[in-house]
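Chains as they are written, first to last, in my numbering: chain S, 186 to 566; chain Z, 186 to 566. Glycine residues also receive a C-beta, built at the ideal position from the N, C-alpha and C atoms. Comments concern the structure below.
Number of protein chains: 2
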Amino acid sequence: MNDFTYINPTKIEFGKDKENNIGEYLATSGIKKVLFLYGTGSIKKSGLYERVINSLNKNNIEFVELAGVVSNPLLGKVKEGILLSRKHGVEAILGVGGGSVVDSAKAIAAGVAYDGDVWDFFINKAQIAKALPVFTIMTLSAAASEMNGNSVVMNENTQQKYSIASVLLNPVISVINPELMKTVGSDYLAYSAVDIIAHSIEVYFTATTHPAFNSRIVESIIKTVMETTEVLLKNPDDYDARAEFAWVAIQALNGLTPAGTAGGSFPNHLIEHSLSALYNVAHGAGLSIVIPAWMKWYKDKNSAQFQRFSREIFNSSNVDEGIEKLEAWFAKIGSPVSLEDANIPRSAISALASNAYETAKVWGMSEMYTQETIEEILQKA
Amino acid sequence: MNDFTYINPTKIEFGKDKENNIGEYLATSGIKKVLFLYGTGSIKKSGLYERVINSLNKNNIEFVELAGVVSNPLLGKVKEGILLSRKHGVEAILGVGGGSVVDSAKAIAAGVAYDGDVWDFFINKAQIAKALPVFTIMTLSAAASEMNGNSVVMNENTQQKYSIASVLLNPVISVINPELMKTVGSDYLAYSAVDIIAHSIEVYFTATTHPAFNSRIVESIIKTVMETTEVLLKNPDDYDARAEFAWVAIQALNGLTPAGTAGGSFPNHLIEHSLSALYNVAHGAGLSIVIPAWMKWYKDKNSAQFQRFSREIFNSSNVDEGIEKLEAWFAKIGSPVSLEDANIPRSAISALASNAYETAKVWGMSEMYTQETIEEILQKA
Numbered sequence: 186m187n188d189f190t191y192i193n194p195t196k197i198e199f200g201k202d203k204e205n206n207i208g209e210y211l212a213t214s215g216i217k218k219v220l221f222l223y224g225t226g227s228i229k230k231s232g233l234y235e236r237v238i239n240s241l242n243k244n245n246i247e248f249v250e251l252a253g254v255v256s257n258p259l260l261g262k263v264k265e266g267i268l269l270s271r272k273h274g275v276e277a278i279l280g281v282g283g284g285s286v287v288d289s290a291k292a293i294a295a296g297v298a299y300d301g302d303v304w305d306f307f308i309n310k311a312q313i314a315k316a317l318p319v320f321t322i323m324t325l326s327a328a329a330s331e332m333n334g335n336s337v338v339m340n341e342n343t344q345q346k347y348s349i350a351s352v353l354l355n356p357v358i359s360v361i362n363p364e365l366m367k368t369v370g371s372d373y374l375a376y377s378a379v380d381i382i383a384h385s386i387e388v389y390f391t392a393t394t395h396p397a398f399n400s401r402i403v404e405s406i407i408k409t410v411m412e413t414t415e416v417l418l419k420n421p422d423d424y425d426a427r428a429e430f431a432w433v434a435i436q437a438l439n440g441l442t443p444a445g446t447a448g449g450s451f452p453n454h455l456i457e458h459s460l461s462a463l464y465n466v467a468h469g470a471g472l473s474i475v476i477p478a479w480m481k482w483y484k485d486k487n488s489a490q491f492q493r494f495s496r497e498i499f500n501s502s503n504v505d506e507g508i509e510k511l512e513a514w515f516a517k518i519g520s521p522v523s524l525e526d527a528n529i530p531r532s533a534i535s536a537l538a539s540n541a542y543e544t545a546k547v548w549g550m551s552e553m554y555t556q557e558t559i560e561e562i563l564q565k566a
Numbered sequence: 186m187n188d189f190t191y192i193n194p195t196k197i198e199f200g201k202d203k204e205n206n207i208g209e210y211l212a213t214s215g216i217k218k219v220l221f222l223y224g225t226g227s228i229k230k231s232g233l234y235e236r237v238i239n240s241l242n243k244n245n246i247e248f249v250e251l252a253g254v255v256s257n258p259l260l261g262k263v264k265e266g267i268l269l270s271r272k273h274g275v276e277a278i279l280g281v282g283g284g285s286v287v288d289s290a291k292a293i294a295a296g297v298a299y300d301g302d303v304w305d306f307f308i309n310k311a312q313i314a315k316a317l318p319v320f321t322i323m324t325l326s327a328a329a330s331e332m333n334g335n336s337v338v339m340n341e342n343t344q345q346k347y348s349i350a351s352v353l354l355n356p357v358i359s360v361i362n363p364e365l366m367k368t369v370g371s372d373y374l375a376y377s378a379v380d381i382i383a384h385s386i387e388v389y390f391t392a393t394t395h396p397a398f399n400s401r402i403v404e405s406i407i408k409t410v411m412e413t414t415e416v417l418l419k420n421p422d423d424y425d426a427r428a429e430f431a432w433v434a435i436q437a438l439n440g441l442t443p444a445g446t447a448g449g450s451f452p453n454h455l456i457e458h459s460l461s462a463l464y465n466v467a468h469g470a471g472l473s474i475v476i477p478a479w480m481k482w483y484k485d486k487n488s489a490q491f492q493r494f495s496r497e498i499f500n501s502s503n504v505d506e507g508i509e510k511l512e513a514w515f516a517k518i519g520s521p522v523s524l525e526d527a528n529i530p531r532s533a534i535s536a537l538a539s540n541a542y543e544t545a546k547v548w549g550m551s552e553m554y555t556q557e558t559i560e561e562i563l564q565k566a
């Protein structure tokens, strides 16, 4: 078991109607003025927008609104948020939406407190030394951004989809009301399920040490995601399934699963980011294309763990069968499993690999993931 | 899945030699003067005492020493610590030892910041509103006190072993170096294993809702404890087993396993506290006596979960066999499984039940756990 430091100070307020307390949570945290950040308007249709405003008003929390965060969130919107936050002197960022909104909220929180260009953090040109506090109300479960310090943002000028991580960006309080998530369509439910599984298996397969407990936690997450996804595709109103799905999404990427492992990395995310950067496919949809291809390419590099995966998840003694069954499950829930499924031409492989290789250099993974290797993996997709 | 609030701000510094950084951790946290609390001297024999002092001196941390915390820690020592802390104006409590030391450190931290009698918190006469920060270096894994806000203290005048809980008592930083734990004898290793299993199964069996993920986490903890205990009884120097044991001990009682469950309680701890209060048996030793007796009494009240336990842990479709195998495993690792094993006369059952019933009233469990019921359970022990 490897040495590690674990800290996750985010407070989770989980349950029905808890979004109505957001003003109180902010007031109790000493916040008087926030940037209220959200997406493309679904929170207005659902009535959530009004409930948030009511709670803020009731608790005398001033707010400045910024709408229009899109999935694969854009650096331009982040910069807009930074300028707006500075102009109005907000004390915190309140992100209401899915992972894209929260990731943007974090990037704004870091950017407001930094004199230079916020993109400096993403290209390792600067380290985050302080940030405004972030609060969230989640409408989609997948990224676990609600309980970690990660943020992934797309630079629309350079087509780079890069990430930052700092405990300073961990939300202070995240509100998880599973009922807010029941309007998510079956396509995004499937993409979310893939994303959660991806978060779990990256380190599970790539780490050079595998404490049994970590493997068991990952398998617990995967089994729970698969079970609850199947329930929700049949009955989107099943509250308990929705709630468990939301909670394991968080556990998959809040620091628990890798603690004590060594040498893990995120190759599937590395490659996927090029798909969403160049073809704007949903992150989860890109992952279900990449994962089976990557698994076929990687399986012999850690055969013990692939055997374990096949046995524990699919009750199979055959590694290839485990991979096939995961791919079949992705297809069954409606997530693409080939470039063709996502209308990405095979002629794009070289450009995708080139984009991903640039990320590999930033992530320190370019030794294993050369352009040629990434092309080889994508050929299997 | 039930509504819940989850927060656990403790930072875990896990790994070899990390105790040598304690002075730095304190300095970085803005602390200049601490109460250095420890047990009955084993840290002097091991050399840990000197390493702590060296690190404190190197970082210009002033300290006042208080030794002599015993297992089943006493209120008198807590009060001594409060007076000493006030006299010297310490800014934090540094507990170096096992759960008893850390529990005492927390009670001191709460007591220093309170004008009344610290015991008020234990009998629900007062609520903890503030506390000094607590830091720990662990030499024994079992209580998970290193990553929660709980403290159990024994009032030697009233023979009450009661507890408090507040996130204000969560250690700011806990140092877990598994190497510091390898001198623990096989008896206390066994008691610790029992304690960890007890922490996991209390809510697992007693909750009225059982999200599958929570059950899976508990089963992951139990399997890992059983595996690593058996490795360590054969080879106390196995670092990885020691480390996994230490980490799952924390996971068993840091708030993760009950999150989202409803109606769970701690009946085995309730009853055990009377054994350690009246007969000073080690907490884990008391638990291995109580648990099989309680399981035999309780099994029909939640038969689905008992079936799950037998199947997942012992690969058995028979509930009674699951209980028998757990009892046999406790005996196999050297923990007592009957009152006789711990030299507690059967004539004491009435007095034990009376003591436990008083705790049941404080814990709000006296409706189900009447004196007669507790006697009935103890008769099975």
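Tell me the DSSP secondary structure of residue i in three-state form.
| i | result |
| --- | --- |
| Phe-430 of chain S | helix |
| Gly-280 of chain Z | strand |
| Ser-359 of chain S | strand |
| Glu-247 of chain Z | strand |
| Ile-228 of chain Z | helix |
| Thr-343 of chain S | coil |
| Asn-333 of chain S | coil |
| Val-504 of chain Z | helix |
| Met-186 of chain S | coil |
| Tyr-376 of chain S | helix |
| Glu-198 of chain S | strand |
| Lys-367 of chain Z | coil |
| Thr-321 of chain Z | strand |
Whose C-alpha, out of the options, is nearest the C-alpha of residue i?
| i | options | result |
| --- | --- | --- |
| Pro-521 of chain S | S:Leu-269, S:Ser-473 and S:Asp-305 | S:Ser-473 |
| Ala-328 of chain Z | Z:Asn-439, Z:Trp-482 and Z:Val-255 | Z:Asn-439 |
| Asn-242 of chain S | S:Gly-274, S:Trp-304 and S:Lys-218 | S:Lys-218 |
| Ile-152 of chain Z | Z:Asp-423, Z:Pro-452 and Z:Glu-198 | Only positions 186 to 566 of chain Z appear in this structure, which leaves residue 152 of chain Z out of reach. |
| Gly-296 of chain Z | Z:Ala-375, Z:Lys-315, Z:Gly-280 and Z:Asp-422 | Z:Lys-315 |
| Gln-345 of chain S | S:Glu-525, S:Leu-222, S:Lys-510 and S:Asn-465 | S:Asn-465 |
| Ala-467 of chain Z | Z:Gly-519, Z:Arg-427 and Z:Pro-356 | Z:Gly-519 |
| Val-249 of chain Z | Z:Ile-349, Z:Ile-197, Z:His-273 and Z:Asn-500 | Z:His-273 |
| Thr-575 of chain S | S:Ser-348, S:Asp-288, S:Ala-350 and S:Trp-482 | Any question about residue 575 of chain S goes unanswered here, given that chain S covers just 186 to 566. |
| Ile-456 of chain S | S:Asn-342, S:Val-547, S:Ser-256 and S:Lys-310 | S:Val-547 |
Just the Cα atoms here: how many angstroms apart are residue i and residue j?
| i | j | result |
| --- | --- | --- |
| Lys-291 of chain Z | Val-388 of chain S | 36 Å |
| Ala-155 of chain Z | Trp-479 of chain Z | Residue coverage of chain Z in this structure runs from 186 to 566, which leaves residue 155 of chain Z outside it and unanswerable. |
| Leu-418 of chain Z | Tyr-373 of chain Z | 11 Å |
| Val-369 of chain Z | Asp-425 of chain Z | 16 Å |
| Thr-213 of chain S | Thr-195 of chain S | 15 Å |
| Ser-359 of chain Z | Leu-251 of chain Z | 19 Å |
| Ala-527 of chain Z | Glu-364 of chain Z | 30 Å |
| Pro-258 of chain S | Phe-491 of chain S | 33 Å |
| Leu-279 of chain S | Phe-189 of chain Z | 21 Å |
| Ser-377 of chain Z | Ala-431 of chain S | 33 Å |
| Ser-535 of chain S | Glu-560 of chain S | 6 Å |
| Ala-513 of chain S | Phe-499 of chain S | 12 Å |
| Glu-497 of chain Z | Arg-496 of chain S | 15 Å |
| Glu-331 of chain S | Glu-198 of chain S | 11 Å |
| Ala-392 of chain Z | Ser-523 of chain S | 44 Å |
| Lys-481 of chain Z | Ala-383 of chain Z | 15 Å |
Tell me, to the nearest whole angstrom, how far the beta carbon of residue i is from that of residue j; I am working on the premise that it is less than 8 Å.
| i | j | result |
| --- | --- | --- |
| Gly-200 of chain Z | Asn-362 of chain Z | 6 Å |
| Ala-437 of chain S | Ile-381 of chain S | 5 Å |
| Ile-508 of chain Z | Lys-484 of chain Z | 7 Å |
| Thr-394 of chain S | Asn-187 of chain S | 6 Å |
| Asn-244 of chain Z | Gly-208 of chain Z | 3 Å |
| Val-338 of chain Z | Val-263 of chain Z | 6 Å |
| Phe-307 of chain Z | Ile-313 of chain Z | Not a contact, Cβ separation roughly 11 Å. |
| Ile-293 of chain S | Ser-270 of chain S | 6 Å |
| Thr-442 of chain S | Ile-402 of chain S | 6 Å |
Across the segment 458-477 of chain Z and the segment 413-424 of chain Z, are there enough close Cβ pairs to call them in contact, namely three or more that are closer than 8 Å?
no
Would you say the segment 293-313 of chain S touches the segment 226-237 of chain S, given that touching needs at least three Cβ pairs under 8 Å?
no
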